[in-house]
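First the structure, in the form of structure tokens, and then the observations on it.
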Amino acid sequence: MIVIREASGAVEVEWVRALMRDYAAYLAGGPAGICIEGFEAELASLPGAYSSPSGTLLVALRDGTPVGCCAIKPIRVQSAAPDERSCEMKRLWVAPEARGLGLGRRLVDRAVEWARAAGYTALYLDTAPAAMPEANRLYGAMGFVEIDRFNDNPVPGIVFFRLQLGR
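Numbering-wise (the numbering used here), the sequence shown opens with residue 14 and increments by one.
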């Protein structure tokens, strides 16, 4: 059985930390050789920028075992409308042994649901198509629209997306 929920307590935050380490190792070892700037500091401070009530860490469990995660944090987008409440989805990851179950889509669905309930009106993300082509296709299929750069991510080839959540 698959369960997706907000990580709460030290044990569940540690699960997310371990999944995020797997995510970073995958990116670093993949064809794009991506290293995430400031990643160790981010992991050390979890939940950090993803703290409730303005952010969240989501964990996916398969039969009680952590197999996926994603995170949401508030952001300010310079080009956004003055009344837009913006957040960013980060660190979407599904462990290799849990792929093919639709878990990525379910995590994004849950993140969108959480962001709407938290009162956000737009959800942003950036992705590396060379490293994660499946995620890139998923975002387009789920209604995310490719946009101009909204952050200072220094990785070459990054693509930026936005999903309107409502007003």
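For each residue, glycine too, the CB sits at the ideal point set by N, CA and C.
For clarity, every value in this text was computed on a predicted model and none was experimentally measured.
In the three-state DSSP reduction, Y36 falls in the helix class (H, G or I). Take the alpha-carbon of I88 and the one of G77: they are about 32 Å apart.
Contact between A20 and W28 is confirmed by a C-beta separation of about 7 Å, below the 8 Å threshold. The bridge partners DSSP lists for D139 are F173. Of the candidates A124, E97, A143, L116, L116 places its Cα closest to the Cα of P79. Apart from the 5 residues on each side of it in sequence, G156 sits with its Cβ closer than 7 Å to the Cβ of L176 in its chain, given in chain order. DSSP places V168 outside both helix and strand once states are collapsed to three, so it counts as coil.
Within the same chain, Cβ atoms closer than 6 Å to the Cβ of A144 are found at L40, G43, A45, I47, the five residues on either side in sequence being excluded. The closest CA to that of P142, considering only A135, D165, L136, L151, is found on L151.
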